[in-house]
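**Q** Before I ask anything, let me first share the structure, which is written out below as structure tokens.
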Amino acid sequence: MLLPASLDEAVEALAATPAAVPVAGGTDLMTSVNSGQLRPAALVGLGRISEIRGWQYQDGHALLGAGLTHARIGRPDFAALIPALAAAARAAGPPTIRNAGTLGGNIASGAPTGDSLPVLAALEATLVIAGPGGALREVPVSHLLAGMDNLRAGELIGYVRVPLLHAPQVFLKATGRTGPGRSTGSVAVVLDPARRGVRCAVGAIAPMPLRPLEAEAWVASHIDWGAGRALAPEALTAFGDYVAAACIPDRTAPDGTPEQLSPGVLHLRRTVAALARRALGRALA
7 MLLPASLDEA VEALAATPAA VPVAGGTDLM TSVNSGQLRP AALVGLGRIS EIRGWQYQDG
67 HALLGAGLTH ARIGRPDFAA LIPALAAAAR AAGPPTIRNA GTLGGNIASG APTGDSLPVL
127 AALEATLVIA GPGGALREVP VSHLLAGMDN LRAGELIGYV RVPLLHAPQV FLKATGRTGP
187 GRSTGSVAVV LDPARRGVRC AVGAIAPMPL RPLEAEAWVA SHIDWGAGRA LAPEALTAFG
247 DYVAAACIPD RTAPDGTPEQ LSPGVLHLRR TVAALARRAL GRALA
């Protein structure tokens, strides 16, 4: 294993060995390596790179190092800044996972059940990607998760830039029987009072977080932003249903006739509706 001491050294190591794979916490990667599913030419360990294990303020944003662990992000000081991301970090699994797993690893693995992913999508976070020769480029996290952009040879996620909205934000998840901490559905809701907007992202039910944009716009238009962000109870319920139907739509046969959704899909739709309703309700409370 190669053990670079800086982000530039890590990028150089990856560029020199194109088949090398970076590893930080290794909570997902090493499972694949140990089982023989993945046989990388080399591993580039990121654990000694101090510059990506901290964070700083930057022009109304928090610049988060990709090496921050879930345990660090879940602490109270972090929760005061980005509460939904802290909640997702605390829900990431047992202590062994939270202590080892990193923000960058959660993003790079692209696992649909990654708890931080819907939060970052709802916050409209941006990745700062380091490349050979000291090159840096920025990519919306949603673009990487959707496959609209990809890490190129020799590139590494260095930082995640998250806007500090100083407004209510909530993350909730359902775990079912899929194992400790593993999500069957999750919802992040972020209020943006300055723009009188609501952002919502649904995780774990598709290969990438889903943004129900029409539901966001609809509920934002029904919130009384000048009266303590009031919203009628029936509108809150309708929002949950709107989100669920947008993310898990009805299906039609090739001849245009409606298809009946399976009990499992209907249960998932109800779960998403409940999560969205509760998350927005808590954000508005």
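Just add 6 to the spot in the sequence shown (first one is 1) and you have my numbering.
In this text, a Cβ means the ideal position worked out from N, Cα and C, and glycines have one as well.
So if DSSP puts Asp230 in a beta bridge, which residue, or which two residues, is it bridged to?
**A** Ala236
**Q** Who does Glu144 pair with in a DSSP beta bridge?
**A** Val134
**Q** Does the beta-carbon of Asp121 have 16 or more other beta-carbons within 10 angstroms, so that it is buried, or is it exposed?
**A** buried
**Q** What's the C-alpha gap between Ala117 and Ala22?
**A** 27 Å
**Q** Measure the C-alpha to C-alpha separation of Ala251 and Val208 and round it to an integer number of angstroms.
**A** Each residue's Cα considered, the two are about 12 Å apart.
**Q** On the three-state DSSP scale, how would you describe Arg167?
**A** Three-state result, Arg167: strand.
**Q** Tell me, please, whether the segment 8-16 touches the segment 55-69 by the rule of three or more beta-carbon pairs shorter than 8 Å.
**A** yes
**Q** Going by other Cβ atoms of all chains shown within 10 Å of its Cβ, with 16 needed for buried, is Val249 buried or exposed?
**A** buried
**Q** Would DSSP call Ala21 helix, strand or coil?
**A** helix
**Q** Kindly say whether Val145, judged by its beta-carbon, lies nearer than 7 Å to any beta-carbon of chain B.
**A** The structure shown contains no chain B; it holds only a single protein chain.
**Q** Quick one: is Ala76 buried, meaning 16 or more other Cβ sit within 10 Å of its Cβ, or exposed?
**A** Here residue 76 turns out to be His, not Ala, going by the sequence shown. Burial is judged here by how many other beta carbons sit within 10 angstroms of a residue's own beta carbon; His76 has at least 16 and is buried.
**Q** In or out: Gln62 buried (at least 16 other Cβ within 10 Å) or exposed?
**A** exposed
**Q** CA-CA distance, Ala106 and Arg78?
**A** 10 Å
**Q** For Ala180, does the three-state DSSP call read helix, strand or coil?
**A** strand
**Q** Quick check on Ala279: does DSSP put it in helix, strand or coil?
**A** helix
**Q** Can you give the beta carbon distance from Leu242 to Gly203, rounded, assuming they're within the 8 Å contact cut?
**A** 17 Å between Cβ atoms; not a contact.
**Q** Look up Arg288 in the DSSP assignment and say whether it is helix, strand or coil.
**A** DSSP places Arg288 in helix when its eight states are reduced to three.
**Q** Please give me, in chain order, every unbroken run of the beta strand (DSSP E) with length at least 3 that falls completely inside the segment 24-70.
**A** 27-29, 49-51, 61-64
**Q** Could you spell out the range, first to last residue, of the beta strand (DSSP E) harbouring Ser192?
**A** 191-198
**Q** Mind checking Gly31: buried by the 16 CB within 10 Å criterion, or exposed?
**A** In summary, Gly31 is buried, with 16 or more beta-carbon neighbours lying within 10 Å of its beta-carbon over all protein chains present.
**Q** If contacts are defined as beta-carbon pairs under 8 Å, then Leu126 and Ile211 qualify, I think. What distance do you get, rounded to the angstrom?
**A** With a Cβ gap of about 17 Å, Leu126 and Ile211 do not count as contacting.
**Q** Rounded to the nearest angstrom, what separates Val166 and Val17 at their Cα positions?
**A** 17 Å
**Q** For Leu9, which of helix, strand or coil comes out of DSSP?
**A** coil
**Q** For the pair the segment 255-274 and the segment 220-230, tell me if three or more CB-CB distances fall below 8 Å.
**A** no
**Q** Under 7 Å, do Pro24 and Val50 count as touching if we go by C-beta distance?
**A** In this structure, Val50 does not lie closer than 7 Å to Pro24 by Cβ.
**Q** In angstroms, rounded to a whole number, what distance separates the CA positions of Leu70 and Pro264?
**A** 46 Å
**Q** Taking the continuous beta strand (DSSP E) assigned at Ala90, which residues delimit it?
**A** First-last for Ala90: 89-96, but that is the alpha helix (DSSP H), not the beta strand (DSSP E).
**Q** For Arg143 and Ala48, what's the separation of their Cα atoms in angstroms?
**A** Going from the Cα of Arg143 to the Cα of Ala48 covers about 25 Å.
**Q** Return yes when the Cβ of Ala180 is within less than 7 Å of the Cβ of Thr277, no when it is not.
**A** yes
**Q** Is it a yes or a no for the segment 145-165 touching the segment 231-238, going by three-plus beta-carbon pairs under 8 Å?
**A** These segments do not touch.
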